[in-house]
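Structure, as structure tokens:
Numbering (UniProt numbering), first residue to last: 1 to 440.
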């Protein structure tokens, strides 16, 4: 199965680079379609810009994309983005009531609120223009009242997640709620007896939700076998793995199809078989004006393509692997994770050239996004690998693991919590050699 993932069109942005990017996009995806026909297009929101009206030009733009790869609107799957909404006072008041609730928690209060038809209608009122656009484009209504829904794509299941139910203002990243009870109801409708891969798509990245809400989402993803989560919103391409799950969850972030000085244009090409997904990120080279594979996202995508296995074939067989081979494989994976973190820190961290040249620009925002989307997941993965292979760590080096754990916890707290700490341990460079053989 071949999938094209596009996000954040922001159609009203129409400068020179944007027009060039979009025109060349049609050529590029047509070329990819010649190599292997696309089966579906996934569009993860922000079709319009800043809540402006949807017009015929929006439909024409999307129709051009469909025509370039010779598929119809029935093969187009969409979720709304925060720019696709129109705000109103009644909805704003209701959202404020939800978010300021103390008993029960805002998340639980939202679940109760959605049981009232009147309140549900108020929250969904901001999606009316999006629904009109969707109906005109596809000839059917968007399943708004279900909030979240399931589509069988034959080779896999797709969970369409409306992450924008409470989206209402700028700067709300880290504060959103998903309507977890509705998401649970949606997953309960999933009958996956044939054990097909499960992909979920929403506009926002998981980091845009409160920490407790993100955990609830991850719990549901884990229990119902979600393999990949696709999103957009942050206008920067990326990917990460969630380490603290039974399943191997990959999150993929698609950039946008517009140019505004911050957004690096991008789209995602996904090829799926029964056991693997091949994820290729493309980026727009604004200097030379062409689309090319993005191999700048980390060592695992050095070739521009990430190979993601839906099933961990070695799961539960760790003991059967000879110690020498296990140590070698573990060191290889750790080296890749450490190198990716080091490169990210040098390029975007507080001491990077970018931060020194533009200390009051968007550099701090980019650094936080990179820390949340790359470094923290990598840290969790490293810690998980070391904790599960303590038998390979010499007794004289086990204190290094504890120091590293404290560093990881502190780093995560300072980037995800509003309560910062100055007392986190420095990164222990000794952890690079923690698996060296001695006194085992």
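Using N, Cα and C, we set each Cβ at its ideal position, and we do this for glycine too.
Residue range of the unbroken alpha helix (DSSP H) whose run includes residue i
{"i": "residue 431", "result": "Premise fails: residue 431 is in no alpha helix (DSSP H) and is neither H nor E."}
{"i": "residue 60", "result": "56-68"}
{"i": "residue 95", "result": "89-99"}
{"i": "residue 382", "result": "376-387"}
{"i": "residue 183", "result": "180-188"}
{"i": "residue 113", "result": "106-113"}
Simplified DSSP assignment, three categories, for residue i
{"i": "residue 227", "result": "strand"}
{"i": "residue 146", "result": "coil"}
{"i": "residue 126", "result": "helix"}
{"i": "residue 133", "result": "helix"}
{"i": "residue 172", "result": "coil"}
{"i": "residue 321", "result": "Note that residue 321 scores 42 on pLDDT, short of 50, meaning its location in the model is unreliable; the coordinates nonetheless yield the value given after this. In this structure, residue 321 counts as coil in the three-state DSSP scheme."}
{"i": "residue 408", "result": "helix"}
{"i": "residue 77", "result": "strand"}
{"i": "residue 372", "result": "helix"}
{"i": "residue 221", "result": "helix"}
{"i": "residue 419", "result": "coil"}
{"i": "residue 209", "result": "strand"}
{"i": "residue 194", "result": "coil"}
{"i": "residue 364", "result": "helix"}
{"i": "residue 338", "result": "helix"}
{"i": "residue 314", "result": "Only weak support is given to the placement of residue 314: the predicted model assigns it a pLDDT of 47, under 50, and the value that follows is read from those uncertain coordinates. Three-state DSSP puts residue 314 in coil, outside helix and strand."}
{"i": "residue 49", "result": "coil"}
{"i": "residue 401", "result": "helix"}
{"i": "residue 439", "result": "Summary for residue 439: the model assigns pLDDT 44, below 50, so the residue's position carries little reliability, and this model does not support an answer."}
{"i": "residue 414", "result": "helix"}
{"i": "residue 120", "result": "helix"}
{"i": "residue 351", "result": "coil"}
Beta-ladder partner(s) of residue i, from DSSP
{"i": "residue 201", "result": "160 and 230"}
{"i": "residue 279", "result": "270 and 306"}
{"i": "residue 292", "result": "283"}
{"i": "residue 239", "result": "252"}
{"i": "residue 151", "result": "158"}
{"i": "residue 345", "result": "Bridge partners of residue 345: none, in fact."}
Option nearest residue i by Cα separation, candidates the options
{"i": "residue 92", "options": "162, 53 and 166", "result": "166"}
{"i": "residue 222", "options": "349, 231 and 241", "result": "241"}
{"i": "residue 142", "options": "127, 5, 155 and 153", "result": "127"}
{"i": "residue 401", "options": "427, 193, 21 and 304", "result": "427"}
{"i": "residue 138", "options": "267, 425, 59 and 186", "result": "59"}
{"i": "residue 286", "options": "303, 258 and 310", "result": "258"}
{"i": "residue 387", "options": "414, 244, 90 and 343", "result": "244"}
{"i": "residue 36", "options": "71, 53 and 195", "result": "71"}
{"i": "residue 5", "options": "232, 345 and 296", "result": "232"}
{"i": "residue 31", "options": "74, 50, 269 and 163", "result": "269"}
{"i": "residue 112", "options": "57, 51, 288 and 182", "result": "182"}
{"i": "residue 216", "options": "409, 178, 249 and 185", "result": "178"}
{"i": "residue 370", "options": "235, 330 and 432", "result": "235"}
{"i": "residue 350", "options": "364, 338, 340 and 414", "result": "364"}
{"i": "residue 20", "options": "341, 290, 326 and 311", "result": "290"}
{"i": "residue 157", "options": "16, 405 and 3", "result": "3"}
*Can you list, in chain order, the stretches of the beta strand (DSSP E) that have 3 or more residues and sit fully within the region 3-46?*
40-43
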